[in-house]
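A.B. asks:
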Amino acid sequence: MKVSVKVPATTANLGPGFDCMGLALPIYNTVTIEETVLPGTGVEINVIAENQSADEFSLEHIPMDENSIIYKAVELLYNSIGQTPSELKITIHSQIPIARGLGSSASVIVGGLIAANELLGKPADEAALLSIATEVEGHPDNVTPAIVGGLTLTAGEDDGSIVYRKIDWPEEWTLTVCIPEYELATDISRSVLPKEVPMQDAVFNAQRMGMFMQAIHTKDSKLMKLALKDRLHQPYRMKLVPGLEKIAERLKHEENVLGCVLSGAGPSILIISEKNNLDKIKSIVKEVWNDLNVKAELITLPVEKQGAVVLTPDE
Ligand code: HSE
Numbered sequence: 004m005k006v007s008v009k010v011p012a013t014t015a016n017l018g019p020g021f022d023c024m025g026l027a028l029p030i031y032n033t034v035t036i037e038e039t040v041l042p043g044t045g046v047e048i049n050v051i052a053e054n055q056s057a058d059e060f061s062l063e064h065i066p067m068d069e070n071s072i073i074y075k076a077v078e079l080l081y082n083s084i085g086q087t088p089s090e091l092k093i094t095i096h097s098q099i100p101i102a103r104g105l106g107s108s109a110s111v112i113v114g115g116l117i118a119a120n121e122l123l124g125k126p127a128d129e130a131a132l133l134s135i136a137t138e139v140e141g142h143p144d145n146v147t148p149a150i151v152g153g154l155t156l157t158a159g160e161d162d163g164s165i166v167y168r169k170i171d172w173p174e175e176w177t178l179t180v181c182i183p184e185y186e187l188a189t190d191i192s193r194s195v196l197p198k199e200v201p202m203q204d205a206v207f208n209a210q211r212m213g214m215f216m217q218a219i220h221t222k223d224s225k226l227m228k229l230a231l232k233d234r235l236h237q238p239y240r241m242k243l244v245p246g247l248e249k250i251a252e253r254l255k256h257e258e259n260v261l262g263c264v265l266s267g268a269g270p271s272i273l274i275i276s277e278k279n280n281l282d283k284i285k286s287i288v289k290e291v292w293n294d295l296n297v298k299a300e301l302i303t304l305p306v307e308k309q310g311a312v313v314l315t316p317d318e
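Residue numbers (my numbering): 4 to 318.
#1: Quick check on residue 211: buried or exposed, where buried means 16 or more other Cβ atoms within 10 Å of its Cβ?
#2: Whole angstroms are fine: how far does the CA of residue 31 sit from the CA of residue 310?
#3: Examine the ligand HSE and report whether any of its heavy atoms sits within less than 7 Å of the Cβ of residue 256.
#4: Assuming the contact rule is C-beta atoms closer than 8 Å, residue 152 and residue 11 should be a hit. Round their C-beta distance to whole Å, please.
#5: Among residues of its own chain, excluding the 5 on either side of residue 281, which ones have a beta-carbon nearer than 8 Å to its beta-carbon?
#6: Note down, one range per segment and in chain order, each beta strand (DSSP E) of at least 3 residues found wholly within the region 91-151.
#7: Here's the rule: buried if 16 or more other CB atoms are within 10 angstroms of the residue's CB, otherwise exposed. What is residue 142?
#8: Where does residue 213 sit, in a helix, a strand or coil, going by DSSP?
#9: Taking 7 Å as the cut-off, is the beta-carbon of residue 267 closer than that to any non-hydrogen atom of the ligand HSE?
#10: By the three-class DSSP mapping on this structure, what secondary structure does residue 273 have?
#11: Taking only three categories from DSSP, how would you classify residue 312?
#12: Return yes when at least one heavy atom of the ligand HSE lies under 7 Å from the C-beta of residue 136, else no.
#13: Ends of the alpha helix (DSSP H) at residue 10?
#14: Using the beta-carbon count (16 or more within 10 Å), is residue 252 buried or exposed?
#15: Should residue 131 and residue 83 be called a contact, given that it needs their Cβ atoms to be closer than 8 Å?
#16: For a quick check, are the C-beta atoms of residue 109 and residue 187 less than 8 Å apart?
#17: Using only the alpha-carbon positions, how far apart do residue 57 and residue 104 sit?
#18: If you measure between the beta carbons of residue 93 and residue 139, is that distance less than 8 Å?
#19: Skipping 5 residues on each side, what residues in its chain have a beta carbon closer than 8 Å to that of residue 1?
#20: Beta strand (DSSP E) containing residue 167: first to last residue?
#21: Starting from residue 78 and walking both ways along the alpha helix (DSSP H), at which residues does that stretch end?
#22: Would you mind sorting residue 1 into buried or exposed? The rule is 16 or more other CB atoms within 10 Å of its CB.
#23: Measuring alpha carbon to alpha carbon, tell me which residue in 91, 24 and 122 is nearest residue 39.
#24: Near residue 228, which residues of its chain fall below 7 Å by C-beta distance, leaving aside the five closest residues on each side in sequence?
#25: In chain order, what residues of the same chain have a beta carbon less than 7 Å from the beta carbon of residue 122, not counting five sequence neighbours either side?
#26: Leaving aside the five residues before and after residue 88 along the sequence, list all residues of the same chain whose C-beta is less than 8 Å from its C-beta, in chain order.
#27: Where residue 206 and residue 265 are concerned, what is the direct C-alpha to C-alpha distance, given to the nearest angstrom?
#28: Between which residues of its own chain and residue 190 is the CB-CB distance below 8 Å, once the five residues before and five after are set aside?
#29: Measuring CB to CB, does residue 25 end up less than 8 Å from residue 33?
#30: With respect to the alpha helix (DSSP H) encompassing residue 227, which residues constitute its N-terminal and C-terminal limits?
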């Protein structure tokens, strides 16, 4: 038997929501798991890159053996029902750029888990899949929208369970993802974060997080402009993303720009704006990165409202 699952990319944090907020985007990885008939062949993992950015160097970030995150996720699922995965062929058709802050690792974890769950006859419900995916990824902000789509707020409980709520994203606001050609592994981007933060910075983010939700509910662009700020991770990661500070500074003066934030752990940048003047916004980003010799792809995308889907055999 063979199962394929299509999983969207995600952008996490969205400014003040470090490790607790994420949003699905219409770029996809497809994970296929096949039970092989030959005993003793073990688990084989192949990655097929379908986008230009996922070059050979990028693919090194997904180890092709049983230590990979996808194998870990599948193994945890099998273990949860007292089994061990044996002969499996896992293939990832990858369109999500790897190590760019767009949830490529969350997508393969989620795709692997859902495909394996189908193969096993669906022993795990959504809550169990969410908590296994979070255990492997380390935080719930990417895996949750990868599973359920849309913009999600997430909270982890002490017992490992994940509570989430889906929030409607106002159609009036546009998302532009700026993806530089270079990679930044999440573990490196997390290694520069402090273990503790000043109380006033924690308060700053809590204030903005509350305003973010109110701005969404009332579609209040002015309030959103105030809310799309962060003191918990972006200041520490600035040095890893050349040009971010300058891009943010220049966009601050553009009236229709609501915010310029790091996408997940970076290095991609997410710009949230009203729908006019997109060309101007893009030319500012390109100009700053051109000066630094950074090539980049800039895409304006809608929110993907649907999460991971199991494909029928002919899809
Ligand atoms: N919240 C995570 C981070 C997202 O910023 O490190 C990346 O996986």
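Every residue gets a Cβ at the ideal spot worked out from N, C-alpha and C, and that includes glycine.
These numbers were taken from a predicted model, which means no experiment stands behind them.
C.D. replies: In short:
#1: As a position in the sequence shown, residue 211 is number 208, starting the count at 1. Looking at its Cβ environment, which holds 16 or more other Cβ atoms inside 10 Å, residue 211 is buried.
#2: Locating residue 310 in the sequence shown gives position 307, counting from the first residue. Locating residue 31 in the sequence shown gives position 28, counting from the first residue. Cα to Cα, the separation comes out at about 10 Å.
#3: Position 253 of the sequence shown, counting from 1, holds the residue named residue 256. Outside the cutoff, so no.
#4: Working through the sequence shown from its first residue, we reach residue 152 at position 149. Working through the sequence shown from its first residue, we reach residue 11 at position 8. 7 Å between Cβ atoms; contact.
#5: In the sequence shown, residue 281 corresponds to position 278, counting from 1. If we look at residue 281 and ignore the five residues flanking it on each side, its Cβ neighbours are 177, 179 and 303.
#6: 91-97
#7: Locating residue 142 in the sequence shown gives position 139, where the first residue counts as 1. Looking at its Cβ environment, which holds 16 or more other Cβ atoms inside 10 Å, residue 142 is buried.
#8: By one-based count along the sequence shown, residue 213 stands at place 210. If DSSP states are grouped into helix, strand and coil, residue 213 belongs with the helices.
#9: Within the sequence shown, residue 267 is the residue found at index 264, counting from 1. Residue 267 Cβ: within cutoff of the ligand HSE.
#10: Here residue 273 refers to the residue found at position 270 of the sequence shown. Residue 273 falls in the strand class under three-state DSSP.
#11: Within the sequence shown, the letter at position 309 stands for residue 312. Strand, per DSSP.
#12: Sequence index remark: in the sequence shown, residue 136 carries index 133 (1-based). Residue 136 Cβ: outside cutoff for every heavy atom of the ligand HSE.
#13: Against the sequence shown, residue 10 aligns to sequence position 7. Looking at the DSSP string, residue 10 is not in any alpha helix (DSSP H); the run it does join, the beta strand (DSSP E), is 5-15.
#14: Residue 252 sits at position 249 when you count from the first residue of the sequence shown. Result: exposed.
#15: Residue numbering aside, residue 131 sits at position 128 when the sequence shown is read from its first letter. Residue numbering aside, residue 83 sits at position 80 when the sequence shown is read from its first letter. For residue 131 and residue 83, yes; Cβs fall inside 8 Å.
#16: Here the question's residue 109 lines up with position 106 in the sequence shown. Here the question's residue 187 lines up with position 184 in the sequence shown. No, Cβ-Cβ distance for residue 109 and residue 187 is not below 8 Å.
#17: Within the sequence shown, the letter at position 54 stands for residue 57. Within the sequence shown, the letter at position 101 stands for residue 104. Confidence at residue 57 is low in this model, with a pLDDT of 47, below 50, so the placement of that residue is unreliable and no value is reported for it.
#18: Sequence index remark: in the sequence shown, residue 93 carries index 90 (1-based). Sequence index remark: in the sequence shown, residue 139 carries index 136 (1-based). No, the pair does not count as a contact, with Cβ atoms beyond the cut-off.
#19: The structure shown does not extend to residue 1, since the chain is modelled only from 4 through 318, so no value can be given for it.
#20: Numbered from its first residue, the sequence shown carries residue 167 at position 164. First-last of the beta strand (DSSP E) with residue 167: 165-170.
#21: If you number the sequence shown from 1, residue 78 lands on position 75. Per DSSP, residue 78 belongs to the alpha helix (DSSP H) from 72-83.
#22: Only positions 4 to 318 of the chain appear in the structure, and residue 1 is not among them; the question remains open.
#23: As a first step, residue 39 is located in the sequence shown; it is residue number 36 there, counting from the start. For the residues 91, 24 and 122, the minimum Cα distance to residue 39 belongs to 91.
#24: Here residue 228 is taken as the residue at index 225 of the sequence shown, counted from 1. Here the set comprises 261 and 262.
#25: By one-based count along the sequence shown, residue 122 stands at place 119. So the qualifying residues of the chain are 4, 6, 36 and 38.
#26: Indexing the sequence shown from 1 puts residue 88 at position 85. Only 46, 74, 77, 78, 81 and 119 meet the Cβ criterion.
#27: Residue numbering aside, residue 206 sits at position 203 when the sequence shown is read from its first letter. Residue numbering aside, residue 265 sits at position 262 when the sequence shown is read from its first letter. Each residue's Cα considered, the two are about 20 Å apart.
#28: For the purposes of this step, residue 190 is taken as residue 187 along the sequence shown, with counting starting at 1. Cβ within range, chain order: n/a, list empty.
#29: For this step, residue 25 is matched to residue 22 along the sequence shown. For this step, residue 33 is matched to residue 30 along the sequence shown. Cβ distance not < 8 Å, so residue 25 and residue 33 don't count as in contact.
#30: As a working note, residue 227 is residue 224 in the sequence shown. Note, residue 227: alpha helix (DSSP H), 224-230.
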